[in-house]
Each structure stands twice: as structure tokens, then as C-alpha cells.
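Visitor:
Residue numbers (the numbering used here): 7 to 318.
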């Protein structure tokens with residue numbers, strides 16, 4: 007699917023207000039105040055969740071757009087290479103962000119996992135992934151989110167395959183921000199298999215090879231995770247050449263609550279300071295019956311990262 011092919015003005019409840027830069031440029035010529043407060047801006051055609059700038063005024067919007075449109079072959083912000091042709095200016099949606107991972111079999115949608123995303127903002131104003139935690143499927147707000155996402159998949163005509171739908175729970179209700187066809191990136195399916203007995207990737211494989219058996223999940227609410235777990239996105243603070251993962255993954259694996267480390271950055275590659283998923287060294291899964299133990303190890307990771315352990 008082409009993520010740049012979005013409706014331009016679906017300004018109705020449950021859908022964000024999208025605008026191309028040309029539309030926003032016209033508005034900014036008429037007023038120095040954007041119509042909506044703090045509009046986020048990002049590339050429209052990238053496949054990855056690329057850097058997002060939160061802008062509070064016209065000057066910040068112009069600067070962010072100039073940065074996006076200036077990304078060229080020497081800037082790996084464009085995953086497929088080349089300069090960005092379009093910048094996307096979107097309404098900023100207040101509220102927590104979730105992803106609902108589903109598999110569809112002939113129009114029947116099966117929910118595999120649902121995660122809540124926690125972000126952090128850099129001093130430069132870029133929003134970065136911080137960590138993800140499973141949402142409780144038994145809570146009324148998550149049940150409502152699931153109902154909304156399944157109806158959205160029907161409305162979009164998605165009948166087969168995997169989807170990684172991102173939505174924000176706003177005061178006016180859930181709003182779909184990205185239908186995300188395909189599997190979520192940067193995850194370890196075996197971790198979900200270990201805790202839940204199934205995974206998004208495994209359910210997709212089963213829907214292809216044994217579709218009738220996969221339908222046993224139809225109409226069943228997802229199972230809650232048996233104990234707290236947190237998937238922490240690693241953040242590189244020091245640009246440089248990536249060290250062999252054995253030099254730093256072992257430190258993470260030794261944490262008391264560590265379950266697994268997913269190293270994404272290959273040894274010897276040049277790695278800038280993390281600004282998006284493509285420039286993250288990887289992720290680590292933490293789990294314990296006591297959430298306070300997870301929080302301690304998470305804070306240890308963030309303090310340790312200040313030393314620049316991933317690059318030399």
C-alpha cells in the first residue's frame with residue numbers, strides 16, 4: 007500500500023485532518039497562525055514511522071517542511087533513497103497512541119496483540135519511540151478501540167492479510183492515524199509466543215497455511231499478558247561506527263528483568279544519533295511480576311546510554 011495515498015480532507019469524527027504542504031502553505035500566507043494548534047509534520051511517502059516535528063507556529067512548520075523536503079540521497083531519512091517529494095502536515099491528536107495487530111481471513115478480523123506506545127521528545131522537537139507495553143484487552147476503553155479498528159478495517163476494504171493499525175484515543179474517541187498493512191517491524195514473535203501462545207506473525211502464517219484453524223480466534227477477545235512486559239526502544243546518543251552487538255547486547259541481557267534483545271544495527275555500519283526506528287540500535291524486552299523492577303532496569307538502560315555504548 008502507498009502510505010502517501012491518503013485522503014486529503016477527511017475531517018470527520020474518527021479520522022485525522024490531513025493536509026499537503028501546498029494547502030498549508032496557502033493557509034500560512036493568509037495567517038501566521040496555523041488553523042490547528044501544534045500540527046505535526048512528517049514525510050508523506052516513507053514506509054517507516056519517520057521523524058515527526060511538533061510545530062506551534064508558522065515559522066516552525068516552514069522549518070520542518072524545509073527539513074523534510076531537503077532530505078536527499080545522502081540523508082537516510084528517506085528509507086528508499088532520494089529526496090522526499092511531499093511533506094505531510096497533520097492535526098495533532100491529544101491522547102495515548104496504540105497499535106492493534108490483526109490478521110484478516112476472508113473478511114473475518116482476528117486480533118493478535120494490542121500495544122500502547124510511549125514517546126519522548128528530543129530537545130530538537132523530534133518525537134521518538136521510548137517504549138511499548140501491552141494494553142489490557144479487558145478494559146472498556148481497549149474493547150472500544152478494538153471495535154473501532156475492526157470497523158475501520160471493514161471500511162477500508164481489508165479482507166485478507168496482516169495489519170498494524172495505529173490509533174490515538176482522543177477525548178472525542180479513537181482516531182485511526184495509520185492502517186499500516188503488514189506486520190509490525192522490529193519485534194520478536196517468539197516473545198509473544200512464549201507469553202501468549204501465539205504471535206502476530208504466527209497467526210498470519212496460520213491464516214495462509216491453515217485458514218480454517220486460524221478462524222478459531224474469531225469473535226474471541228485477546229488474552230491479557232500473564233505478567234507486565236515492556237519493549238524498550240534503544241536510543242543511540244553518539245554518532246559513529248556500530249560496535250559488535252556482543253559488546254553491548256550482553257550488558258542488556260544481564261539485566262534482571264531482560265527477556266530478549268533484538269539488535270537491529272549491524273556491526274561496522276555508520277549509525278547517527280537515533281531519530282527514528284531506522285536509526286535505533288534495536289530493542290530489549292523486559293518482564294517481571296513487579297512493574298517496579300521493570301522500571302528500575304528501564305532507567306538503568308537510559309542512564310547507560312548516555313555513555314554511548316553502541317558506537318565507537
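Ideal Cβ positions, reconstructed from N, Cα and C, are used throughout, including at glycine.
1) What does a CB cutoff of less than 6 Å around residue 180 pick up in its chain, not counting 5 residues either side in sequence?
2) How would you call residue 97, buried or exposed, if buried means at least 16 neighbouring beta carbons within 10 angstroms?
3) Nearest CA to the CA of residue 118: which residue from 231, 215, 192?
4) Give the range of the beta strand (DSSP E) segment to which residue 103 is assigned.
5) Output the distance between the C-alpha atoms of residue 82 and residue 250, rounded to the nearest integer angstrom.
6) Run through DSSP, which three-state label would residue 229 get?
7) Could you check where the alpha helix (DSSP H) with residue 219 kicks off and where it finishes?
8) What's the C-alpha gap between residue 187 and residue 171?
9) Could you check the C-alpha separation between residue 274 and residue 241 for me, to the nearest Å?
10) For residue 316 versus residue 287, is the C-beta distance shorter than 7 Å?
11) Can you tell me the Cβ-Cβ gap for residue 220 and residue 229, rounded? I've got them flagged as a contact below 8 Å.
12) Along the alpha helix (DSSP H) that carries residue 154, what are the first and last residues, could you check?
13) If the criterion is Cβ atoms closer than 7 Å, does the pair residue 120 and residue 106 meet it?
14) Quick one: give me the first and last residue of the alpha helix (DSSP H) that residue 66 is part of.
15) If you count every other CB in all the chains shown that lies within 10 Å of the CB of residue 296, and 16 or more means buried, which is it?
16) Going straight from the alpha carbon of residue 268 to that of residue 194, what length do you get?
17) So, for residue 144: in the same chain, excluding its five sequence neighbours on each side, which residues have a beta-carbon less than 7 Å away from its beta-carbon?
18) The beta strand (DSSP E) that contains residue 291, what's its start and end?
19) Could you give the distance in angstroms between the alpha-carbon of residue 305 and the alpha-carbon of residue 103?
20) Buried or exposed: where does residue 185 fall if 16 or more other Cβ atoms within 10 Å of its Cβ makes it buried?
21) Would you call the CB atoms of residue 271 and residue 257 closer than 7 Å?
22) Is the beta carbon of residue 148 less than 7 Å from the beta carbon of residue 158?
23) According to DSSP, residue 125 sits in a beta bridge with which residue or residues?
Guide: In short:
1) 151, 154, 173
2) buried
3) 231
4) 103-111
5) Residue confidence for residue 82 is low, a pLDDT of 47 falling below 50, so the modelled location carries little weight and cannot support an answer.
6) coil
7) 217-220
8) 8 Å
9) 17 Å
10) yes
11) About 16 Å separates the two Cβ atoms, so there is no contact after all.
12) 146-161
13) yes
14) 64-75
15) exposed
16) 7 Å
17) 230
18) 288-293
19) 22 Å
20) buried
21) no
22) no
23) 135
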